[in-house]
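Chemist:
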Amino acid sequence: MAKSSKQKTSSTTTTTTTSIDADNNNSSNSTTPVVKTTKTKRTRKSVPRDSPQQRSSVYRGVTRHRWTGRYEAHLWDKNCWNESQNKKGRQVYLGAYDDEEAAAHAYDLAALKYWGQDTILNFPLSTYGNELSEMEGQSKEEYIGSLRRKSSGFSRGVSKYRGVARHHHNGRWEARIGRVFGNKYLYLGTYVTPMHVMQLHKKKQRLHMTWQQ
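Taking full-length UniProt numbering, I'd label the letters of the sequence shown as residues 1 to 213.
1) Less than 8 Å between the CB atoms is what I'm expecting for residue 58 and residue 73, so what's the real figure, rounded?
2) Could you name the residues that DSSP lists as bridge partners for residue 92?
3) Since residue 151 contacts residue 97 with CB under 8 Å, what's their CB separation in whole angstroms?
4) Locate the alpha helix (DSSP H) running through residue 64, then write down its first and last residues.
5) Short of 7 Å in beta carbon distance, which residues of its chain neighbour residue 114, apart from the five on each side in sequence? Order them along the chain.
6) Return the CA-CA distance between residue 130 and residue 88, expressed in angstroms with no decimal places.
7) Starting from the C-beta of residue 100, find all residues in its chain whose C-beta is less than 7 Å away, skip the five residues before and the five after it, and write them out in chain order.
8) Start and end of the alpha helix (DSSP H) containing residue 147?
9) Using only the alpha-carbon positions, how far apart do residue 110 and residue 92 sit?
10) How far does the alpha helix (DSSP H) with residue 114 in it reach, from first residue to last?
11) Distance, Cα to Cα, residue 79 vs residue 103?
12) Give me the DSSP bridge partner(s) of residue 97.
13) Can you find the residues in the same chain that come closer than 7 Å, C-beta to C-beta, to residue 147, ignoring five residues on each side of it along the sequence?
14) Could you compute how far the alpha carbon of residue 66 sits from the alpha carbon of residue 123?
15) Distance check for residue 132 and residue 126, CA to CA, integer angstroms please.
16) Counting C-beta neighbours from all protein chains within 10 Å, is the total for residue 145 16 or more, i.e. buried, or is it exposed?
17) Compute the Euclidean distance between the alpha carbons of residue 138 and residue 117, then round it to the nearest angstrom.
18) Considering only residues of the same chain and omitting the five flanking positions on each side of residue 64, which have a CB-CB separation below 8 Å?
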């Protein structure tokens, strides 16, 4: 009887061990798909090629140039049609500034000119009381040109004609007449070659003489 009882216990132990092994195998099989999980791919946000670079400044529309150390102000005009790339949206360069806050002010003024007083600004709207009245009589292109000329990075090219300067950013010749119809200046456009500048200078002289009469 003792021997029979011992055999029964051994049989039970064997059965139990087999059952545990089976459970372990089932558990291992069931967890295999979990171990072999596929890595989720990181999706990149689609950013327009000409959109402004990631900001390196606390101010909206301002980035710090990594080579010059100056703070550049840019505005993204999503409503403008980009003819060169046949799509909507382009980056508007507002100038390079030694002072970070000056670049932030330039962005604010450009944003006010483009989108009005409801747009998001870096500084309170009350900061720009005088500038709001000054920009009323100017087109967007004229006002952006004036902001660039006030920037630290604006370099005037050598020209023998008064009111004609070469812009450092696009290399084109820019001309204007001062004190016309109560405005500080009248923007006459940009030209590519010195010949165009000569023609523009003659046109400017004729217009100026006509307005003075």
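Where is the CB? At the ideal position from N, CA and C, for every residue including glycine. Fair warning: this is a prediction, and the values are worked out from it, not measured in the lab.
Modeler: Straight from the coordinates:
1) About 14 Å; that fails the 8 Å criterion.
2) 75
3) Correct: roughly 5 Å between the Cβ atoms.
4) That residue, residue 64, is in no alpha helix (DSSP H); its beta strand (DSSP E) goes 62-64.
5) These residues qualify, in order along the chain: 75, 77 and 140.
6) Rounded to the nearest angstrom, the two C-alpha atoms are 32 Å apart.
7) 57, 59, 62 and 71
8) 140-150
9) 9 Å
10) 100-115
11) 23 Å
12) 71
13) 94, 95, 106, 109 and 110
14) 25 Å
15) Their backbone Cα atoms lie some 10 Å apart in a straight line.
16) It counts as buried.
17) 16 Å
18) 56, 57, 70, 71, 72 and 100
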